[in-house]
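Order-wise, the sequence lines are chains A and B. Counting from 1, one number per residue, gives the positions in the first sequence under full-length UniProt numbering. Counting from 1, one number per residue, gives the positions in the second sequence under full-length UniProt numbering.
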Amino acid sequence: MSGQSVSQSSAGIRGGPQFPPEEAVLGCRNVTKTFGAITAVDDVSLAIDEGEWVSIVGPNGAGKTTLLNVLNGFYDPDTGGEIFLNGENVTSDPSYKRARKGLGRTFQGLELFEEEDVLENVMTVRAVKERPNLLSALLFYVAGGRKVEVENMRRVEEILDYLELWEYRHSTIGSLPLGIQRRVDLARSLALEPDVLLLDEAMSGLTFDEKYDMVRFLADLHEKEGMTMVMIEHDLEVVTDVSERMVVLDQGAIIARGRPEAVVDDPEVQRIYTGVE
Amino acid sequence: MPCGEYFTSYEERMGLIRWRIERVALVLGLPIPLIAPFVLTGELVSVFTLVFIFGIAVLGLHVMLSYAGEIVLAQGAFMAIGAYTASRIVNEAGLGLLPAMLIAGLMTASVATAFGLPAGRVKGFYVAISTLALQFIAVQFFFRRGEFEAIHGGTQQSMPGEIGLVGDALAIGSANEEYFFALLMLVVFALLTMNLSRTGIARMFRALHENDLSAQVLGVNRFRNKLLAYAIGGFMVGVAGALYTIYIGFITPEFFSIDITLLHYMMLLLGGMGRVWGVILGVTTVELLNHYILQTLIDIFPEGTSLEPMFFGVIIIVVLIVEPKGLMAALGQLKEYLRKWPYAY
């Protein structure tokens, strides 16, 4: 679906996905996720086009992170829900397989490897990309293990350079401020060279300057590399500035979707955000 | 002019011997184990042979515990499987020591992998309990004559005085030959482990150890990597078990009780988890202390019993309080202090 228009569909902001989810770079159809009596995600269908930057917004508890967790395989959807990645139905794939098929993600709670330094954090994910074999690992010098590691390190240091993390590469995670840790989280997911990047509140807790830096890196990735991005974000100013499309969740269901300027002017969206009828 | 040591290539950065002090230590230290058997007493040569064998076993534990974070309490069982397998290969098949070690390693790796299967679903103490079960099952298995003798070949087994490395060729039998062979094997397995630690496989093990949920979301296959850690670790411990039969010449299940598991944990904790040199330092320290302290305690308290475990218990508690990361971390701090001396930082 590359190049498909992201303009408002005729169904308006209350409509369904603008094209079939199985044709999307990342899509889902009729995804519901319940935890006991609680419905965290309620019959959500979504289609993300290649190179698109989509933001998912909604009040706390709306089901944004649960939806992301279902998309990347951390949770299985309830019966009937389907997930598509690059046109392939990946509903039955575990999270590690989806990551290897091109689905990267950052974490709201960071989830970095705390004991390791920045370089090792990113090298670990790069190892997944390269899938090292045991023989070449054990016979490091004679079976190509060193060559693979050298290439990995070169690529990882390019990523660290790109995200201006060079000076922190030998610092352990615990010694770094939150803004740098969030950048490490991003660097780690980029080491997978994903087709789609899921960003779970990548700017949460950042200062204005740190947020500015993060937006700059993400915008660069989107514009220069054409990275497809799905971002959960509370800051509506950031969302409307950078996103091409916006999805609003409330109580697990999509209540609006479309161009940011159209969605934020919608009375229903404003009611959910302000609580005023 | 540079005021320190710098790496100018990724290859240099990944080298095993990277710093000047390491090169000096290698040149000065390398001849010591090579001339040791010719200057030490026979008793000490025997102690060091055991250090090398246990070194391989603790390297196996190191892969499973330090890298993959699996609390495996079946070192004794793994060594027993390796030892009994090797004994049968040497005594009945006559294939020689090297094939016996290889088959013993593979057999142990298979059993370790099978008992690592629960690690795909559970973690931490639940895994520990599953491997502890193997420890007790294995000892009982090798004790049983009637039911399982056809499999294990006999509860008590002895090895020939001289064993060829392949068939009857290149036989080793003297204490010095066993010493050098065990030393060679330790060097080989230490290098393999160091290689492993520099690659993506060990990184994925460590990632699962530290944060298995995020590791999986980022593409690490938890089940496969956990089992791989069991297989690699089990192989090493099995090989150590095979060498152990050569060393003691006679095996019974009592040699492979839970005590050997606890001993190996003590060696790993004392030396410091996470580094191959820590393993070697821990094994050497414990075995030398064992040798000298045991003798001293017998001299001082001829009637005393069970003082040696008490002594080791106190040592472990003191080390864990003073330097929880083990002797290797303490040496690292000393190295840093000397590097900066006479300045404090």
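Cβ coordinates follow ideal geometry from the N, Cα and C atoms, glycine included. Everything numeric in this text was worked out from a predicted model, so none of it was measured.
C-beta atoms of residue i and residue j nearer than 8 angstroms
| i | j | result |
| --- | --- | --- |
| residue 86 of chain B | residue 242 of chain B | yes |
| residue 47 of chain A | residue 77 of chain A | no |
| residue 89 of chain A | residue 184 of chain A | no |
| residue 130 of chain A | residue 210 of chain B | no |
| residue 200 of chain A | residue 68 of chain A | yes |
| residue 128 of chain B | residue 71 of chain B | yes |
| residue 288 of chain B | residue 328 of chain B | no |
| residue 229 of chain A | residue 53 of chain A | yes |
| residue 57 of chain A | residue 246 of chain A | yes |
| residue 187 of chain A | residue 159 of chain A | yes |
| residue 221 of chain A | residue 99 of chain A | no |
| residue 279 of chain B | residue 268 of chain B | yes |
| residue 52 of chain B | residue 182 of chain B | yes |
| residue 326 of chain B | residue 249 of chain B | no |
| residue 156 of chain B | residue 84 of chain B | no |
| residue 25 of chain A | residue 196 of chain A | yes |
| residue 56 of chain B | residue 263 of chain B | no |
| residue 90 of chain B | residue 163 of chain B | yes |
| residue 261 of chain B | residue 74 of chain B | yes |
| residue 203 of chain B | residue 124 of chain A | yes |
| residue 168 of chain A | residue 118 of chain A | yes |
| residue 127 of chain A | residue 135 of chain A | no |
| residue 373 of chain B | residue 92 of chain A | No information on residue 373 of chain B is available, as it lies outside the stretch 1 to 345 that chain B covers here. |
| residue 225 of chain B | residue 138 of chain A | no |
| residue 66 of chain A | residue 97 of chain A | no |
| residue 198 of chain A | residue 72 of chain A | yes |
| residue 60 of chain B | residue 236 of chain B | yes |
Under 9 angstroms from the C-beta of residue i: neighbouring residues of chain D
| i | result |
| --- | --- |
| residue 82 of chain A | Here chain D cannot be found, since the structure's protein chains are A and B. |
Outcome for residue i when other beta-carbon atoms lying within 10 angstroms are tallied against a minimum of 16
| i | result |
| --- | --- |
| residue 214 of chain B | buried |
| residue 135 of chain B | buried |
| residue 79 of chain A | exposed |
| residue 250 of chain A | buried |
| residue 335 of chain B | exposed |
| residue 292 of chain B | exposed |
| residue 35 of chain B | exposed |
| residue 193 of chain B | buried |
| residue 107 of chain A | buried |
| residue 295 of chain B | exposed |
| residue 49 of chain A | buried |
| residue 207 of chain A | exposed |
| residue 199 of chain B | buried |
Minimum Cβ-Cβ distance from residue i to chain B less than 8 angstroms
| i | result |
| --- | --- |
| residue 47 of chain A | no |
| residue 192 of chain A | yes |
| residue 125 of chain A | yes |
| residue 35 of chain A | no |
| residue 99 of chain A | yes |
| residue 102 of chain A | no |
| residue 72 of chain A | yes |
| residue 95 of chain A | yes |
| residue 279 of chain A | A question about residue 279 of chain A goes unanswered here, because the residues of chain A that appear run from 1 up to 277. |
| residue 145 of chain A | yes |
| residue 137 of chain A | yes |
| residue 153 of chain A | yes |
| residue 134 of chain A | yes |
| residue 105 of chain A | yes |
| residue 196 of chain A | no |
| residue 169 of chain A | no |
| residue 188 of chain A | yes |
Within-8 angstroms CB hit, residue i to chain A
| i | result |
| --- | --- |
| residue 198 of chain B | yes |
| residue 345 of chain B | no |
| residue 219 of chain B | yes |
| residue 230 of chain B | no |
| residue 201 of chain B | yes |
| residue 10 of chain B | yes |
| residue 204 of chain B | yes |
| residue 107 of chain B | no |
| residue 216 of chain B | yes |
Supposed contact pair residue j and residue i - C-beta distance, whole angstroms, cut 8 angstroms
| i | j | result |
| --- | --- | --- |
| residue 238 of chain B | residue 107 of chain B | 6 angstroms |
| residue 246 of chain B | residue 310 of chain B | Going by Cβ atoms, the distance from residue 246 of chain B to residue 310 of chain B rounds to 32 angstroms, so no, they are not a contact pair. |
| residue 13 of chain A | residue 256 of chain A | 4 angstroms |
| residue 179 of chain B | residue 49 of chain B | 5 angstroms |
| residue 68 of chain B | residue 208 of chain B | 7 angstroms |
**Message:** In chain order, what are the residue ranges of uninterrupted alpha helix (DSSP H) at least 4 long that sit wholly in the stretch 12-100 of chain A?
**Reply:** 64-71, 95-100
Any beta strand (DSSP E) of 3 or more consecutive residues that is wholly inside the stretch 145-227 of chain B
163-166, 169-172
Residue ranges of each alpha helix (DSSP H) within the stretch 113-191 of chain A, 4 or longer | 118-130, 134-138, 145-162, 178-190
| said: Runs of 4 residues minimum, wholly inside the stretch 76-124 of chain B: which ones carry the alpha helix (DSSP H) assignment? | reply: 97-116
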